[in-house]
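All remarks here apply to the structure that follows.
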Amino acid sequence: MSGRVVAILAGRIRGRGPLPAAAALAVMTALVLAASAARAATDSCLDCHRALDDPRLKAPAQGFPRDIHSERGFTCASCHGGNPSDPDVSAMDPDRGFKGAPTRDQVAPLCAGCHANAEFMKHYNPRPYIFSLAEWKTSVHCKRESLGDQKVATCTGCHGVHGIRPHNDPASPIYPTNVPRTCARCHNPDYLKGRAVRADQYALYAQSVHGVALLEKGDVSAPACNDCHGNHGAAPPGLKDVTMVCGTCHGREAELFDGSRMKAAMDLEGKRGCVTCHGNHGVKQPTDAMLSTDPGGTCSGCHEPGSAAERDTRAIIASFGGLKRSLAGADSLLKLAEVRGMEASPGRESLKDAQDRLVAVRAGLHSFDPKKIGAALGEGAAVAAKAAGYGREALRDWRNRRLGTAASLVVILLLMGLLIARIRQGERARGD
Amino acid sequence: MSVRDWLQTRLGLESLEHVIEKKRVPVHRHSFWYYWGGMTLFLFGVQVTTGILLVLYYRPSADEAYESVRFLMTQVSFGWLVRSIHSWSANLMVGAAMVHMFSAFLLKAYRRPREVTWLTGMGLFVLCLAFGFSGYLLPWNQLAFFATKVGTDIVAAVPLVGGFLARLLRGGDQITGGTLTRFFGFHVAILPLLMTAVLGLHLFLVQWHGMSVPPGVEQQAPARKEMRFVPDFLLRDIVGWLAALGALALLAALFPWELGLKADPYAPAPAGIKPEWYFGWMFQTLRMLPSHVLGIEGEVLGIVGFGLAGLVWVVVPFLDAPDGRGPRARLWTAIGMLAIVYVIVFTLLVYRGGHPR
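For the record, the sequence lines run as chains A and B. In terms of my numbering, the first sequence opens at residue 1167 and continues consecutively. In terms of my numbering, the second sequence opens at residue 5 and continues consecutively.
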């Protein structure tokens, strides 16, 4: 395996001591190029398969030169065995190591042969991802496959085959923005027809706040399917896991929810944490309108009218609305001051602080603790009042400036009038 | 011994009184233009006064400049007024200096023996522009930062010495906090020193030679009317200064000078960056020039053109007819008129469809 050879040679070169790094790199590059050239000249697998008419047999030879494995110096024989230096059909003699195409259940162990070997993988990446067969075995895909299901994904189902690109290549089917479509190749109503598995996830996800961020805005920090379900161990999150799944990104909210009375109540009723209010695949951008006890509101789904919880919720909603009105009022005052040319940046800073507090209150709602929420709302309202105070002061200043200017203009005009009278007097005295 | 006698013995006030008593100002149909030198001087006085007040609070570093100006505008009593008047007065001063310069040009006040008065006046005008350019950056806001970048980029395009001049101005290859400190040094130390020297010489020469009388007036009325400088002309001057003071108060109150956002070198340049209005006509010319003219870069051609035109403008006393009459004098009058029209039209073009600042 030329990659291995290169790595071993590189180790030996390093072992010689003071050979300059540039020279070592040049030697390694030359060896890789030589290996590639030798392979190109002698790889009978590619030569023969390229010449075949059957598209199924021709495609591997066409796709493999673009494959990351090919770029790293692997050959067809690395996975399929056989003797690529033999130009005859005897190259595929099983007695001489030819394994042919692996069956579905052989794929994961075959890939694991290299990808689960940390020592080996470190030759190609100082911080390699080490595949775990144990994790793979926890996936629904593996479990279904072990039951003989031939329609479940294995490594090649997601990563492709004979044209595999690295995970960070935007052309890879597992690049974050491509993951939802890759999953949807199987998780769609046609492919899953007749199975007791939901198939509407992609349609819901594509419309969700996560889907819009990832698929439309290209924001790779937004979660794709694997960020919640796992990748090689892909499975639906368990009931107890939902908060932990959402909490990997929404840490503050998850932390507050975990310590709340709401979580205990939901656990008792068998409700599924975050998704009870926000949904899962179709999760929408949360809005303040969600906080509502009115029919159709998020809270009214569980809290009956007149209950203590409903009264607490109403009180929080009222204070929350009050803070938002305070912020809007302060913003109007500051805008008016700015339009009138006043420097209102200290007020803007206070307003920004109050807005940040509103955001913190939104996260704090997940504590479902009326006292804590009420205190945070009170602090926000105080800062908003400070911002409004700056706005009012700026407007008062603006009025005072005008009055001051008017008064000074009167004095100036008076002085000008006196001077002009003095000039006229002088002219008359001279008889001008 | 009275105070007057005491001072008389030590300062020779009598001779000063004699000079003041003797000083006369010609009265004719163009006398109005005599007031513009005094107006420029008054506005310069406003600049010095407000500038000294600003320096009490201003801190010339990239970390503190913006904050110190904001503190001055929001926390210091009348700080907003001082800054607004300083900014507006700077603009009015350049405007008054332009009126003074163009009126002196058209009235041919540079005729013998006032060539040096004209040269010092041109020096003062360049110093005024330098004051404006260096002062504009000091609040360290976004507009000032990028306008200074554009301005120093133009300097960098000057053939042969451009790179050196741009580095000298910036204190490096980029506009940094070092540039701000440097501009502050120019604005409050180097330029005032030069201004004091050149202004002193200019005022001395104006007193020495007296007011110039335009050639047309000189020819028509040999027995001219005059007025005493003190108190007749001075009182009229003061009326004008009071009017300017009122205008400054009105502008500062109705259109307080904005501070904007703090400069961020990594932020994209705001849309529609323009220099101060008095550089607008040059900026517009450079903008309208094609990228290349006869194989020469348009910007370079424009800068060289401005340099040559400026040089001709400076040495006009030596090119025009000595007596200010005849075809050569008329040609220079036409050139002056054309220059005024050019400056006005190209300045207006900058603001076509946009806010001046």
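We put the CB at the ideal spot given by N, CA and C, even for glycine.
- When Cβ-Cβ separations below 8 angstroms define contact, residue 1586 of chain A makes contact with chain B.
- The C-beta of residue 1502 of chain A comes no closer than 8 angstroms to any C-beta of chain B.
- Close to chain A, meaning a Cβ-Cβ distance shorter than 7 angstroms, are the following residues of the segment 238 to 250 of chain B: 239, 240, 242, 243, 246, 247, 249, 250.
- Annotation: residue 1297 of chain A to residue 1420 of chain A spans about 29 angstroms, alpha carbon to alpha carbon.
- For the segment 26 to 59 of chain B, no residue has a beta-carbon sitting nearer than 7 angstroms to a beta-carbon of chain A.
- With a cutoff of 8 angstroms on beta-carbon distance, residue 209 of chain B and residue 130 of chain B are scored as not near each other.
- At a cut-off of 8 angstroms between C-beta atoms, residue 269 of chain B does not count as an interface residue with respect to chain A.
- Bridge partners of residue 230 of chain B according to DSSP: B/30.
- Bridge partners of residue 145 of chain B according to DSSP: B/266.
- In terms of beta-carbon proximity, residue 1516 of chain A stays away from the interface with chain B, with every pair separated by 8 angstroms or more.
- Contact annotation: the segment 231 to 249 of chain B touches the segment 35 to 55 of chain B, with at least three C-beta pairs closer than 8 angstroms.
- At a cut-off of 8 angstroms between C-beta atoms, residue 236 of chain B counts as an interface residue with respect to chain A.
- For residue 1571 of chain A, the neighbours in chain B by C-beta distance under 7 angstroms run, in chain order, 253, 254, 257.
- In this structure, residue 158 of chain B sits near residue 290 of chain B, with a CB-CB distance shorter than 8 angstroms.
- Residue 1301 of chain A sits in a helix when the DSSP states are folded into three classes.
- Scanning its chain for C-beta atoms nearer than 8 angstroms, with the 5 sequence neighbours on each side dropped, one finds around residue 195 of chain B the residues 131, 134, 135, 138, in chain order.
- Inclusion of residue 77 of chain B and residue 1559 of chain A in the CB contact set at 8 angstroms is not warranted, their separation being larger than that value.
- The secondary-structure analysis by DSSP pairs residue 300 of chain B across a beta bridge with B/297.
- Ranked by how close their Cα comes to the Cα of residue 236 of chain B, the residues B/20, B/5, B/26 have B/26 in first place.
- Within a 10 Å sphere around the beta-carbon of residue 229 of chain B sit fewer than 16 other beta-carbons, which makes this residue exposed.
- The continuous alpha helix (DSSP H) containing residue 1527 of chain A extends over residues 1511 to 1530.
- Residue 332 of chain B is not a Cβ neighbour of residue 338 of chain B, given a cutoff of 8 angstroms.
- Taking a beta-carbon distance threshold of 8 angstroms, residue 1512 of chain A counts as an interface residue toward chain B.
- Taking a C-beta cut-off of 7 angstroms against chain A, none of the residues of the segment 264 to 292 of chain B qualify.
- Three or more Cβ pairs drawn from the segment 110 to 128 of chain B and the segment 202 to 216 of chain B lie within less than 8 angstroms of each other, which places the two stretches in contact.
- The continuous stretches of alpha helix (DSSP H) do not include residue 1257 of chain A, and DSSP gives it neither H nor E.
- The beta carbon of residue 1233 of chain A sits closer than 7 angstroms to those of 1328, 1329, 1330, all from its chain and outside the five residues before and after it, given in chain order.
- A Cβ-Cβ separation of about 24 angstroms leaves residue 1398 of chain A out of contact with residue 1449 of chain A under the 8 angstroms criterion.
- In the DSSP annotation of this structure, the continuous segment of the alpha helix (DSSP H) that includes residue 1588 of chain A starts and ends at 1536 to 1596.
- Look at residue 63 of chain B: its C-beta is not under 8 angstroms from any C-beta on chain A.
- Comparing C-alpha distances from residue 155 of chain B to each of B/174, B/80, B/22 shows the shortest one belongs to B/174.
- Within the same chain, and ignoring the five residues on either side of residue 1447 of chain A in sequence, the residues whose Cβ sits closer than 6 angstroms to its Cβ are 1367, 1370, 1371.
- When secondary structure is reduced to three states using DSSP, residue 113 of chain B falls in the coil class, being assigned neither helix nor strand.
- For residue 259 of chain B, there is no enclosing alpha helix (DSSP H), since its DSSP letter is neither H nor E.
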